[in-house]
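Student: Position 211 of the sequence shown, counting from 1, maps to 570 under our numbering, and the rest follow consecutively. Got a structure here, written out as structure tokens. Questions coming.
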Amino acid sequence: MFEVLESRMIVPNMHQLVFDAPAVAKAAQPGQFIIVRAEEDGERIPLSLSDWDAERGTVTAIVMNAGNTTSKIAALETGSRVPTVVGPLGNASEIDKFGSVVCLCGCYGIGSIYPVARALKAKGNTVYTIIEGRSSYLLYWEDKLRAVSDGIAHITRDGTIGFKGHVSRLGEVMASFNDRIDRVVINGCTLLMKRGSDETRSMGIKTIANLNPIMIDGTGMCGVCRVTVGKTTKFACVDGPDFDAHEVDWEELFQRRKSYVPEEARPLRTSRSEKHKCRSMKAGA
Ligand code: FES
360 MFEVLESRMI
370 VPNMHQLVFD
380 APAVAKAAQP
390 GQFIIVRAEE
400 DGERIPLSLS
410 DWDAERGTVT
420 AIVMNAGNTT
430 SKIAALETGS
440 RVPTVVGPLG
450 NASEIDKFGS
460 VVCLCGCYGI
470 GSIYPVARAL
480 KAKGNTVYTI
490 IEGRSSYLLY
500 WEDKLRAVSD
510 GIAHITRDGT
520 IGFKGHVSRL
530 GEVMASFNDR
540 IDRVVINGCT
550 LLMKRGSDET
560 RSMGIKTIAN
570 LNPIMIDGTG
580 MCGVCRVTVG
590 KTTKFACVDG
600 PDFDAHEVDW
610 EELFQRRKSY
620 VPEEARPLRT
630 SRSEKHKCRS
640 MKAGA
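Written as structure tokens, this is what we have:
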């Protein structure tokens, strides 16, 4: 069993969990992930590693409460125990001296890009971080990202911080750094990665996306995480999760990610409608 050393909501719907998992912490590298089960017969949920401390033996993951299973992980209390924290899984991100690198992140990817940016900076790159979200109140870890970045910018849908609008403004945001960008790394939801890579394709900048398909075993056995990259079938868990974003078949990834949306949402809808029913009954309806 693995102890949950910390569990807290850091911004609405986004939870920071720290697990006691010394063997994982010892081997963790940027870009890798873990698989967690909240209960013995629960689903296996892949979570990108957002940080770790090899000395303390801890690993940190950011979880978005997006459905039945992730809500169970998000609801874990500090001091509770989970049966599974397996990893580190997947390949480490390529960390080399590329020159100037933009780290574009949103959602849970704000957390998972942190170790990537940190390693790129340590390797001698100039690192610019762009944090994207609907509004400033949904952004987090700016202090950590700022500490490993030479520049930082924001894109928010409501314009409460930084550039107002969508990632379609990526070119303008990157131009604000007044530097030639050699590489872009994107972590976050599928839409952010697709749209971000659409923008960088026309700029001719090599772009890496940390893919997030549905997974089961995380070790290349089940085939659930298959993606098409450069017209070739790949397993994100063992061939990735980092891939050349300009080679990814994004439409297929969107379709495959939608496969279990009804199942994931149903228990939430049920519990909401049950609550509603109860309230209605209490009200004498
Ligand atoms: Fe099963 Fe990748 S998760 S093959």
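Heads up, the beta-carbon is just placed ideally off N, CA and C, and yes, glycines get one too. Only a predicted model underlies this, so the values are computations on that prediction, with no experimental measurement involved.
Quick check on G458: buried or exposed, where buried means 16 or more other Cβ atoms within 10 Å of its Cβ?
Tutor: Start at 1 with the first residue of the sequence shown, and residue 458 comes out as number 99. Exposed is the call here.
Student: What does DSSP give as the partner residues of H513 in its beta bridges?
Tutor: If you number the sequence shown from 1, residue 513 lands on position 154. Answer by DSSP bridge pairing, in chain order: I490.
Student: Do I490 and ligand 1 come close, with the Cβ less than 7 Å from some heavy atom?
Tutor: As a first step, residue 490 is located in the sequence shown; it is residue number 131 there, counting from the start. Not so, every heavy atom of ligand 1 lies at least 7 Å from the Cβ.
Student: Report all residues from its chain with a CB closer than 7 Å to the CB of I540; omit the five preceding and five following residues, and keep chain order.
Tutor: In the sequence shown, residue 540 corresponds to position 181, counting from 1. Within the same chain, I540 has close Cβ partners S459, V461, M533 and I564.
Student: Bridge partners of Q375, per DSSP?
Tutor: Locating residue 375 in the sequence shown gives position 16, counting from the first residue. Its beta-bridge partners are R367 and I421.
Student: Around the C-beta of D455, are 16 or more other C-beta atoms found within 10 angstroms, so that it is buried, or is it exposed?
Tutor: Residue mapping note: residue 455 aligns to position 96 of the sequence shown, counting from 1. Per the 10 Å Cβ criterion, exposed.
Student: Can you find the residues in the same chain that come closer than 6 Å, C-beta to C-beta, to G483, ignoring five residues on each side of it along the sequence?
Tutor: By 1-based counting over the sequence shown, the position of residue 483 is 124. So the qualifying residues of the chain are K456.
Student: So, under 8 Å CB-CB, V445 and I393 are touching, yes? Tell me the CB distance rounded to an integer number of Å.
Tutor: Start at 1 with the first residue of the sequence shown, and residue 445 comes out as number 86. Start at 1 with the first residue of the sequence shown, and residue 393 comes out as number 34. About 6 Å separates the two Cβ atoms, so the contact holds.
Student: Identify, in the order they occur along the chain, each residue of the same chain with its Cβ nearer than 6 Å to the Cβ of K431, setting aside the five sequence neighbours on each side.
Tutor: Position 72 of the sequence shown holds residue 431. Here the set comprises A397.
Student: Using 8 Å as the cut-off, can you tell me whether the stretch 465-475 makes contact with the stretch 427-443, which would need three or more C-beta pairs spanning the two stretches below that distance?
Tutor: No, the stretch 465-475 does not touch the stretch 427-443.
Student: With respect to 7 Å, is the separation between the Cβ of F594 and the closest non-hydrogen atom of ligand 1 below this value?
Tutor: The sequence position of residue 594 within the sequence shown is 235, counting from 1. Result yes, Cβ under 7 Å from ligand 1.
Student: Given a cut-off of 8 Å on the beta-carbon distance, is the pair H605 and R554 in contact?
Tutor: By 1-based counting over the sequence shown, the position of residue 605 is 246. By 1-based counting over the sequence shown, the position of residue 554 is 195. Cβ distance not < 8 Å, so H605 and R554 don't count as in contact.
Student: Tell me, to the nearest whole angstrom, how far the beta carbon of G390 is from that of C596; I am working on the premise that it is less than 8 Å.
Tutor: Position 31 of the sequence shown, counting from 1, holds the residue named residue 390. Position 237 of the sequence shown, counting from 1, holds the residue named residue 596. So it is not a contact: roughly 12 Å between Cβ atoms.
Student: So, T419 versus Q388, is the Cβ gap smaller than 8 Å?
Tutor: Here the question's residue 419 lines up with position 60 in the sequence shown. Here the question's residue 388 lines up with position 29 in the sequence shown. Contact flag unset, no.
Student: With a threshold of 7 Å (Cβ to nearest heavy atom), would G577 be considered close to ligand 1?
Tutor: By 1-based counting over the sequence shown, the position of residue 577 is 218. Correct: G577 has its Cβ closer than 7 Å to ligand 1.
Student: Could you name the residues of the same chain whose beta carbon sits closer than 8 Å to that of A644, not counting the 5 residues immediately before and after it, in chain order?
Tutor: Taking the first residue of the sequence shown as position 1, residue 644 is located at position 285. Low per-residue confidence applies at A644: pLDDT is 27, beneath 50, and the placement is therefore not dependable, though the value from the model is reported in the following sentence. So no residue of the chain qualifies.
Student: What are the complete alpha helix (DSSP H) segments, minimum 4 residues, inside the stretch 418-505?
Tutor: Correct list: 427-433 and 468-481.
Student: According to DSSP, is S561 helix, strand or coil?
Tutor: Residue mapping note: residue 561 aligns to position 202 of the sequence shown, counting from 1. The answer is helix: DSSP assigns S561 an H, G or I state.
Student: Assuming the contact rule is C-beta atoms closer than 8 Å, T549 and L612 should be a hit. Round their C-beta distance to whole Å, please.
Tutor: Counting from 1 along the sequence shown, the entry for residue 549 is found at position 190. Counting from 1 along the sequence shown, the entry for residue 612 is found at position 253. Confirmed, Cβ separation roughly 6 Å.
Student: Return the chain-ordered list of same chain residues with a C-beta closer than 6 Å to the C-beta of D601, the five sequence neighbours on each side being excluded.
Tutor: Taking the sequence shown and counting its residues from 1, the one referred to as residue 601 is at position 242. Excluding residues within five positions, the ones whose Cβ falls inside 6 Å are G390, S452, I567 and N569.
Student: With respect to 7 Å, is the separation between the Cβ of V583 and the closest non-hydrogen atom of ligand 1 below this value?
Tutor: Residue numbering aside, residue 583 sits at position 224 when the sequence shown is read from its first letter. It does: the Cβ of V583 is within 7 Å (strictly closer) of some heavy atom of ligand 1.
Student: Rounded to a whole number of angstroms, what is the C-alpha to C-alpha distance between Y487 and I511?
Tutor: By 1-based counting over the sequence shown, the position of residue 487 is 128. By 1-based counting over the sequence shown, the position of residue 511 is 152. In a straight line, the C-alpha of Y487 is about 6 Å away from that of I511.
Student: To which residues does DSSP link L570 through a beta bridge?
Tutor: As a position in the sequence shown, residue 570 is number 211, starting the count at 1. DSSP lists no partner for L570.
Student: Output the boundary residues of the alpha helix (DSSP H) element that contains R615.
Tutor: Locating residue 615 in the sequence shown gives position 256, where the first residue counts as 1. It spans W609 to K617 - the alpha helix (DSSP H) in which R615 sits, taken as one unbroken run.
Student: Figure out for me which residue from K593, L479 and S556 has the closest Cα to the Cα of P572.
Tutor: Reading the sequence shown from its first residue, position 213 is the one you call residue 572. Among K593, L479 and S556, the Cα nearest to that of P572 is on K593.
Student: Closest Cβ-Cβ distance between G438 and chain C: below 8 Å?
Tutor: Reference to chain C is not applicable here, since this structure consists of a single protein chain.
Student: For a test of the three-state rule: what should DSSP assign to D603, helix, strand or coil?
Tutor: Counting from 1 along the sequence shown, the entry for residue 603 is found at position 244. Strand.
Student: Using CA coordinates, which residue listed in P371, D410 and E399 is at the minimum distance from R477?
Tutor: Within the sequence shown, numbered from 1, the residue matching residue 477 stands at position 118. The shortest Cα separation from R477 among P371, D410 and E399 belongs to D410.
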